[in-house]
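Below is one structure, written out as structure tokens, with a few remarks after it.
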Amino acid sequence: MPSLPDVMTPEIEKLAAAQAGQGASAPQDQTRDALFEWLLRTGDNALILGHRVSEWCGHAPALEEDIALANQALDLIGQCQLWLGLAGEVEGRGRSADNLAYLRDAGAFRNLLLVERPNGDFGHTLMRQFLFDAFHIELLDAAAASPDARIAEIAAKAKKEVAYHLERSADLVIRLGDGTAESHDRMQKALDALWSYTGEMFHDDAHDRALAEAGVIALPSSLRAAWDRTVGQVMAEATLRLPGDVWQHGLTGAGGGKRGVHSEHLGYILAEMQFLQRAYPGATW
Amino acid sequence: MYAQLVKSEGVKSRDEMSPEEIAFQERIDRGEKIEPKEWMPEGYRKTLIRQIGQHAHSEIVGQLPEGNWITRAPTLERKAILLAKVQDEAGHGLYLYSAAETLGVSRDELLERLHSGKMKYSSIFNYPTLTWADIGAVGWLVDGAAIMNQVPLQRTSYGPYSRAMIRICKEESFHQRQGYDIMMKMCAGTPEQKAMAQDALNRFWYPALMMFGPSDKDSVHSAQSMAWKIKMNTNDELRQKFVDQTVPQAEYLGLTIPDENLKWNEEKGGYDFSEPDWSEFFAVIAGNGPCNAERLGARVKAWEDGAWFREGLMAHAEKARSRRIAAE
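In structure tokens:
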């Protein structure tokens, strides 16, 4: 019988890296690997959040919301096509955006845990959107200043769309937080439930540091102050209480969406999303 | 064309009309548009509310069978196109509810009538979308049938309805093309894909024919609507036109229309074809189609679950208003 791996070793990270098609790399490849990783993270956030938002289609509480959510999902899917398309180019193994979206397993996905959280009630969906939008805009703002023209160009385009997403989600969070007792209560519950998934957005890892050192992308932790400001202002106006210093998922041990270790929810998202590509391999649609 | 079996009145002869009604009919006959604040017979107003309301409801219920495949669309591009299309449908619902509101009925009242079952939506949306090819078939056949009816309605007598229809037709034409494009890809694809496409045609053909409503000989409500230019063509005229247009498209795809009696009739310059099973149509309209309970249930649930959201926004607007007044 072959021996079992040492249970104390965080093999999971290596496994996740292997699933993403990466092995140990030479130093000169480190920036490229880190860039590939960052592009997957950014593209996967857009893809998975776009998927979640699109689940509302036809079920939103008002017709205007159906229209707005479809529009937002459309923006996010469009951004995902650009980011994953560039990821495929950077990787240089001939994988297209569709290949990356439809043919990777969960362990190779790099989205934040926040964006795969289930929709919950409409308040949850809006709060998740706001917390992410407030981060997304800072990320894109920084990326739009990247010396890598390919990144700067996509970020500049996406930024315009996300500015609108943020305006909308902030406005609704304020109006519902400061609405009826019930809407306030629902928004507070949503904030409390999602807060522990916000820390992962600002967590720096080796890939982030490699890119920051190469001057390509700003460190996630450097986006925190601006996010804190936006969130603080909006929550104050919404009369919602910030949860403060609570446990943050995805930062310790082997967990975290950025490292490919997801919640149970992602597997179901992919089972649905990838069904046709998996059931009819090689077919064109 | 999402209005079927719209209840209207028997057509009035000139002798039965009041002087106002005669003047109104003459305006319509001259091709003038009737605008919201102008005088109109009560029957004209009521029939339009039913028809536009039914059309609006069809657009929003119609989001559901297509929305059913957004999360499973096979490529990112197909997903984006389908999202854009379903978003358009919701937008059409919005124009149409707005057009209906100009006749003195609120969107909330119309939705209440939909949710309570008093108002209907097109029978077609009570059929399931079981495979990706169904998304192609819905665009090709369902939007194709809708266009048949909606293109003439751009010339309808009621101004707001006519203008809504002009915008809607532009988008529907794109929808039909995207549906046909899906079918072309599937028919040029693997044997499984082609079989899926044929199966979708088999299931959607007769329900699509039903979209035009019952045969003229059984359609008791048409005459007055046609005199008022609320309805521009008879059900059978449009159905014939649809079949004549669709058969060559199916041939091009290499698909077989599921009708043994389908045959070109040189004399009439159109195809002879089998009537759909009208007992099925009436069963679906009565609520017994494969998806009636799910479709209406989903809409009612969305509305009820969303009550706190709408109330929250109203409460905030009220608070903001009070604050503004206090500050002045």
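Note that the protein sequences, when read in sequence, are chains X and R. Numbering-wise (this note's numbering), the first sequence opens with residue 246 and increments by one. Numbering-wise (this note's numbering), the second sequence opens with residue 598 and increments by one. We treat Cβ as the ideally placed atom computed from N, Cα and C, and that holds for glycine. This one's a predicted model, so the numbers in the text were calculated from it and none came from an experiment.
**Prompt:** chain R beta carbons: is any one of them nearer than 8 angstroms to that of F354(X)?
**Reply:** Here residue 354(X) refers to the residue found at position 109 of the first sequence. Answer no: the Cβ-Cβ gap between F354(X) and chain R never drops below 8 angstroms.
**Asked** Among Q795(R), Y803(R), L910(R), I744(R), which residue has its Cα nearest to the Cα of L835(R)?
**Response** Locating residue 835(R) in the second sequence gives position 238, where the first residue counts as 1. Nearest of Q795(R), Y803(R), L910(R), I744(R) to L835(R), Cα basis: I744(R).
**Message:** Could you pull the DSSP bridge partners for G867(R) from this structure?
**Reply:** On the second sequence, residue 867(R) is found 270 positions in, with the first residue counted as 1. Answer by DSSP bridge pairing, in chain order: N862(R).
**Residue-chain proximity (D378(X), chain R), Cβ-Cβ < 8 angstroms** = By 1-based counting over the first sequence, the position of residue 378(X) is 133. No, because no Cβ of chain R sits closer than 8 angstroms to the Cβ of D378(X).
**Request:** To the nearest angstrom, report how far apart T787(R) and M781(R) are at their CA atoms.
**Result:** By one-based count along the second sequence, residue 787(R) stands at place 190. By one-based count along the second sequence, residue 781(R) stands at place 184. The straight-line gap from Cα to Cα measures roughly 12 angstroms.
**Item:** Reference M762(R), options I827(R), I779(R), S812(R), closest by Cα
**Value:** For the purposes of this step, residue 762(R) is identified with residue 165 of the second sequence, where counting begins at 1. The candidate whose alpha carbon is nearest that of M762(R) is I827(R).
**Counted within 10 angstroms of its Cβ, other Cβ atoms place P662(R) as buried (16 or more) or exposed** = Here residue 662(R) refers to the residue found at position 65 when the second sequence is read from its first residue. With 16 or more Cβ atoms within 10 Å of its Cβ, P662(R) is classed as buried.
**Request:** Evaluate contact between the segment 649-660 of chain R and the segment 683-690 of chain R, counting only Cβ atoms and requiring at least three cross-stretch pairs below 8 angstroms.
**Result:** yes
**Request:** Report yes if the C-beta distance between T726(R) and V735(R) is below 8 angstroms; otherwise report no.
**Result:** Sequence index remark: in the second sequence, residue 726(R) carries index 129 (1-based). Sequence index remark: in the second sequence, residue 735(R) carries index 138 (1-based). Yes, the Cβ-Cβ distance between T726(R) and V735(R) is below 8 angstroms.
**Message:** Out of L711(R), L738(R), A670(R), which one is the CA nearest neighbour of K838(R)?
**Reply:** Your numbering for residue 838(R) matches position 241 in the second sequence. Taking only the C-alpha atoms, the option nearest K838(R) is L738(R).
**Request:** Reducing DSSP to helix, strand and coil, say where I631(R) ends up.
**Result:** On the second sequence, position 34 is the one that residue 631(R) refers to. Note: I631(R) maps to strand in three-state DSSP.
**For G501(X), the three-state DSSP class (helix, strand or coil)** = Here residue 501(X) refers to the residue found at position 256 when the first sequence is read from its first residue. In the structure shown, G501(X) sits in a strand (DSSP, three-state: E or B).
**Request:** Pick out whichever of M480(X), D343(X), F354(X) has its Cα sitting closest to the Cα of G330(X).
**Result:** On the first sequence, position 85 is the one that residue 330(X) refers to. Ranking M480(X), D343(X), F354(X) by Cα distance to G330(X) puts D343(X) first.
**Request:** Please list the partners that P488(X) has in chain R, where partner means a Cβ-to-Cβ separation under 9 angstroms.
**Result:** Taking the first residue of the first sequence as position 1, residue 488(X) is located at position 243. Against chain R, a Cβ distance below 9 angstroms from P488(X) picks out nothing, because the smallest value is about 21 angstroms.
**Start-to-end residues for the alpha helix (DSSP H) that takes in A743(R)** = On the second sequence, residue 743(R) is found 146 positions in, with the first residue counted as 1. Here the alpha helix (DSSP H) through A743(R) covers 740-750.
**Proximity of I396(X) and A677(R) at Cβ, strictly below 8 angstroms** = Taking the first sequence and counting its residues from 1, one reaches residue 396(X) at position 151. Taking the second sequence and counting its residues from 1, one reaches residue 677(R) at position 80. It is not a contact, given that the beta carbons lie outside the stated cut-off.
**Asked** Can you find a C-beta in chain R that's less than 8 angstroms from the C-beta of Q326(X)?
**Response** Translated into the one-based positions of the first sequence, residue 326(X) becomes position 81. So, interface residue.
**Message:** Please tell me whether V360(X) and I462(X) are closer than 8 angstroms, where the distance is taken between their beta carbons.
**Reply:** Residue mapping note: residue 360(X) aligns to position 115 of the first sequence, counting from 1. Residue mapping note: residue 462(X) aligns to position 217 of the first sequence, counting from 1. In this structure, I462(X) does not lie closer than 8 angstroms to V360(X) by Cβ.
**Asked** From T529(X), T287(X), A451(X), pick the residue whose C-alpha is nearest to that of R355(X); which is it?
**Response** In the first sequence, counting from the first residue as 1, residue 355(X) sits at position 110. Among T529(X), T287(X), A451(X), the Cα nearest to that of R355(X) belongs to T287(X).
**Item:** Below-8 angstroms beta-carbon distance, S919(R) vs any chain X residue
**Value:** Position 322 of the second sequence, counting from 1, holds the residue named residue 919(R). Taking Cβ atoms only, chain X never reaches closer than 8 angstroms to S919(R), which makes this a no.
**Message:** According to DSSP, simplified to helix, strand and coil, what is Y755(R)?
**Reply:** Position 158 of the second sequence, counted from the first residue, corresponds to residue 755(R). Y755(R) falls in the strand class under three-state DSSP.
**Request:** List the residues that DSSP assigns as beta-bridge partners of V506(X).
**Result:** Here residue 506(X) corresponds to residue number 261 of the first sequence, with the count starting at 1. V506(X) pairs with G501(X).
**Message:** Counting only Cβ pairs nearer than 8 angstroms, list the residues of chain R close to T425(X).
**Reply:** The sequence position of residue 425(X) within the first sequence is 180, counting from 1. The contacting residues are W905, E908, G909, A912.
**Message:** Give me, in chain order, the residues of the same chain whose beta-carbon lies closer than 8 angstroms to that of M793(R); leave out the 5 immediate sequence neighbours on both sides.
**Reply:** Within the second sequence, the letter at position 196 stands for residue 793(R). Correct list, in chain order: T728, W729, A730, M783.
**Item:** Where L521(X) meets chain R, residues with beta-carbon distance less than 7 angstroms
**Value:** Within the first sequence, numbered from 1, the residue matching residue 521(X) stands at position 276. Within chain R, the residues near L521(X) are R669, P671, W729.
**Item:** Entirely enclosed alpha helix (DSSP H) segments - the segment 644-724 of chain R, minimum 4 residues
**Value:** 660-664, 673-698, 704-712
**Prompt:** Grouping DSSP H, G and I as helix and E and B as strand, with all else coil, what is K434(X)?
**Reply:** Here residue 434(X) corresponds to residue number 189 of the first sequence, with the count starting at 1. The answer is helix: DSSP assigns K434(X) an H, G or I state.
**Prompt:** Helix or strand or just coil, what does DSSP make of A351(X)?
**Reply:** Locating residue 351(X) in the first sequence gives position 106, counting from the first residue. Note: A351(X) maps to helix in three-state DSSP.
**Item:** Sub-8 angstroms separation of A351(X) and L521(X) beta-carbons
**Value:** Taking the first sequence and counting its residues from 1, one reaches residue 351(X) at position 106. Taking the first sequence and counting its residues from 1, one reaches residue 521(X) at position 276. No, these two residues do not count as a Cβ contact at 8 angstroms.
**Item:** Own chain, CB closer than 7 angstroms to P873(R), minus 5 neighbours either side, in chain order
**Value:** Residue mapping note: residue 873(R) aligns to position 276 of the second sequence, counting from 1. Around P873(R): Y803, L806, M807.
**Message:** According to DSSP, is R340(X) part of a helix, a strand, or is it coil?
**Reply:** The residue you call residue 340(X) lines up with position 95 of the first sequence. R340(X): coil per DSSP, three-state reduction.
**Item:** Beta-carbon neighbours of A895(R), restricted to chain X and to distances below 9 angstroms
**Value:** Position 298 of the second sequence, counted from the first residue, corresponds to residue 895(R). Neighbours of A895(R) on chain X, chain order: G303, H304.
**Asked** From the beta carbon of F367(X), is the nearest beta carbon of chain R less than 8 angstroms away?
**Response** Looking up residue 367(X) in the first sequence gives position 122. Taking Cβ atoms only, chain R reaches closer than 8 angstroms to F367(X), which makes this a yes.
**Message:** Among E848(R), R669(R), V683(R), whose alpha-carbon lies nearest the alpha-carbon of E310(X)?
**Reply:** Looking up residue 310(X) in the first sequence gives position 65. Closest by alpha carbon: V683(R).
**Message:** If we define contact as Cβ-Cβ less than 8 angstroms, is L308(X) a contact residue for chain R?
**Reply:** On the first sequence, position 63 is the one that residue 308(X) refers to. Yes, L308(X) counts as interfacial toward chain R.
**Request:** Examine chain X for any beta-carbon lying closer than 8 angstroms to the beta-carbon of T726(R), and answer yes or no.
**Result:** Locating residue 726(R) in the second sequence gives position 129, counting from the first residue. Not an interface residue.
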